[in-house]
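In full-length UniProt numbering, the protein residues as written are 1 to 598.
All residues carry an ideal CB built from backbone N, CA and C; glycine is no exception.
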Amino acid sequence: MTRFGRTSKLVAAAMGGALVLTACGSDSGDNGSSDDSQSDGGGGGTITLGYEQEWTTWNPTTSDGNLTANSVATYQVTTGFWYFGEGGAITPNEDFGSYEVVNEDPLTVTYTFHPDAAWSDGTPIDCDDALLWWSQRGGYLDWSAPGTAGIEDTRMPECESGDKEFTLEYLTPYADWEGSGPGQGNTTIMPAHVVAEQGGLESADELIDIIKGVDWDYSTPHNEREHGGIEEAEAALADAIEFFKTGWIIDGALPDESLIPSSGPFTIGSYAAGEQLTLVPNEEYWGEPAAADEVIFRYIAQDAQAQALQNGEIDIMSPQPSSDLRDQLESLAGVEVEVFDQYLYEHNTFNFESGPFSESLPLREAWMKCLPRETLVQNLIRPIDEEAQVRNTVVAHPLDPFYDDVVSNSMPAEFAEQDIDGAREILEEEDAVGTTIRLRTLDNPRRNAQGQLIQDACNEAGFDVDFEAHGDFFAQDGAMYTNRYDVAMAAWSGSALISGWNSTYSTPDECSASGKGNNNGCYSNPELDALLEEVLVTVDEDEKTRVISEISTILWEDGVSVPLFNHPGMAAWADDVQNVVPNPAQSDIVWNMQEWTR
């Protein structure tokens, strides 16, 4: 059976409304179970998810660990105060704790851990973990963060080791405040006691004492601050910082069990490199237990997943859709199939560090003209979703209520349609006919088809396109993170949060895997940086649309990243598996994995 779910503009508007300053959490103050008994969970059988991309690290919160494959693998292992729930809406995780706005001027949010919240090794989750999270997420210390999401403009929480409550006071208003707090995926809290031990410190108390010992400066804009003693703190934490960045990397085997405690309903059971990752119920979890006995991530190429589902080797798959794949899945007995809208879009991003595009706007414009965007949609996307259209901005989703306004205010007419002749004219004027362009992407059937169509079109315009697709494209030493490309073709998975895409276009600290955040092409524009800061503190919806339109205009004018299309999502699962609900946000299909059962 096939279901086509389409999230309406009304739903998207409601999701955006959740970003306005409101109190959240439990009204009663009772979060989670009220008794002291614990359930081991399980009883719901073994459920196997077919997944293409293997994880690279247990820590998805660093710049080079910020991959969907890592967040998905750990989404129900390390948790937080909120998650992307049904429909992609920000949803409080009452098992973990509660949060509420206690003051609106200045914006002040108090977070309270559940009294029983503890890592699976028995260490309480408390202020130590919160201060590690604050110093990393806000970019205050060199832990490496993909984006600071407003935390760079908060005061250090004044809490003590063992405290189950901490408060974030924002120096300026922040529109996405709810999604900037500790949640799941790449915003999750990591275990401070493990970081301290591996950093050669006596305890997590020593770690937070070092953080507290800095003379934090809140008197100037965050990018102009001079924190007293910051160099001394980073020197004292050098080993801890190095471990945070690299100590959880998956290098053919799991880190030691003592290094990967769980704070969610699942914990890591086992891992076989290139084969599978097994999650099992966390027996020490204080909240609602996981239903399944185990969930297995079976690493398998997309073009083999449908056969694996038919053979019973996997139970769930959420691949890049194609019309052939949909037809194949619909023909299977005992299989549910759903196609749905999602916050995921394909793009071409230029390398601003090196190569022919790095300093030549005319060459970037020629590429933007030769791209067969309508052909890509017509051939590859519309057979799945007949309403699919070319996407015309990278900073608004078609699900967003302001998308049409942003496009009409920012989309240049000269790039609205493919223009082979115009692209060739630019190349001839620049004496650049025959310029070799390295187009790189992840190896899968649809990306190969996309690459071939782009190669044919841009070769016709006068480029010499060297197209390659690699299975390790997103690996830590792969082409994406090491900038071994001229144009990268990939997808960004997001949500309704503006802060989710904001750091992608901010000037990076340095053009390295750990220093560039989400800005993989290492683009920089001070004027845009100012607008990116402005939009994060803009609450009025009309004013927000105006600022986003200005951002979109500059990104088009500078030729930074070319949107191609939104990915329709597709999921299929055996009909004896219950509670599988596709999700349009970056939490992917695993957002409610703890409820899966046979």
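For the set Ala204, Ala301, Ala117 and Asp558, the Cα lying nearest the Cα of Gln53 is the one of Ala301.
For Gln276, the uninterrupted beta strand (DSSP E) segment begins and ends at Gln276 to Pro281. Of all C-beta pairs linking the segment 128-139 to the segment 176-194, three or more are shorter than 8 Å, placing the two stretches in contact.
Trp556 and Glu365 have their C-alpha atoms spaced approximately 9 Å apart.
When the Cα atoms are used, Phe81 and Ala513 turn out to be separated by approximately 28 Å. In the DSSP assignment, Thr91 is bridged to Tyr83. Contact between the segment 347-356 and the segment 480-496 is present: three or more C-beta pairs spanning the two stretches fall below 8 Å. Burial of Asp95 is indicated by the presence of at least 16 other C-beta atoms within 10 angstroms of its C-beta. Under the three-state reduction of DSSP, Arg438 is assigned to strand. Secondary structure note for Val194: its alpha helix (DSSP H) is the uninterrupted segment Ala192 to Gln198.
Every beta strand (DSSP E) of 3 residues or more that sits fully in the segment 399-457 is shown, in chain order, as 436-442. Every beta strand (DSSP E) of 3 residues or more that sits fully in the segment 259-341 is shown, in chain order, as 266-272, 276-281, 294-299 and 335-340. Contact between Tyr83 and Asn93 holds, with the beta-carbon distance rounding to 6 Å and staying under 8 Å. Boundaries around Tyr345 are those of the beta strand (DSSP E), Leu344 to Phe350, since no alpha helix (DSSP H) includes it.
Note on the segment 231-260: whole alpha helix (DSSP H) runs with a minimum of 4 residues are 238-246, in chain order. Residue burial annotation: Val102 is exposed, with fewer than 16 other C-beta atoms found within 10 angstroms of its C-beta.
In terms of CA proximity to Ser410, Val547 leads the group Gln305, Val465 and Val547.
Secondary structure at Pro526: helix, using DSSP grouped into helix, strand and coil. The beta-carbon distance between Leu141 and Ala233, rounded to whole angstroms, is 7 Å. This is short enough to meet the 8 Å contact definition. Per the coordinates, the alpha-carbon of Glu169 lies some 6 Å from the alpha-carbon of Arg155. Per DSSP, Ala69 is one residue of the alpha helix (DSSP H) stretching across Thr68 to Thr74. Remark: fewer than three beta-carbon pairs, one from each stretch, lie closer than 8 Å, so the segment 493-511 and the segment 329-336 are not flagged as touching. For the options Thr108, Glu224, Ala196 and Glu165, the alpha carbon positioned closest to that of Trp177 is the one of Thr108.
Burial of Tyr99 is indicated by the presence of at least 16 other C-beta atoms within 10 angstroms of its C-beta. For Tyr481, the uninterrupted alpha helix (DSSP H) run begins and ends at Ala479 to Thr482, by DSSP.
Looking at Gly97, Pro584 and Asp477, the one whose alpha-carbon comes closest to that of Ser263 is Gly97. Going by beta carbons, Ala306 and Leu277 fall outside the 9 Å limit.
Across the set Ala89, Glu288, Gln586 and Lys245, the C-alpha of Gln586 shows the shortest separation from the C-alpha of Trp501.
Between the alpha carbons of Met368 and Gly122 lies a gap of roughly 54 Å. Scanning Thr57, Asn392 and Asp256 for the CA closest to the CA of Thr246 turns up Thr57. With respect to Ala469, Asn448 sits close: the two C-beta atoms are nearer than 9 Å.
A Cβ-Cβ separation of about 17 Å leaves Asn518 out of contact with Asn223 under the 8 Å criterion.
With a cutoff of 9 Å on beta-carbon distance, Phe340 and Tyr51 are scored as not near each other. With a threshold of 16 other beta carbon atoms within 10 Å, Gly147 meets it and is buried. Of all alpha-carbon atoms in Ala145, Pro362, Pro321 and Val562, the one lying nearest the alpha-carbon of Asn444 is that of Pro321.
When rounded, the separation of the alpha-carbon atoms in Ala304 and Gly88 is 28 Å.
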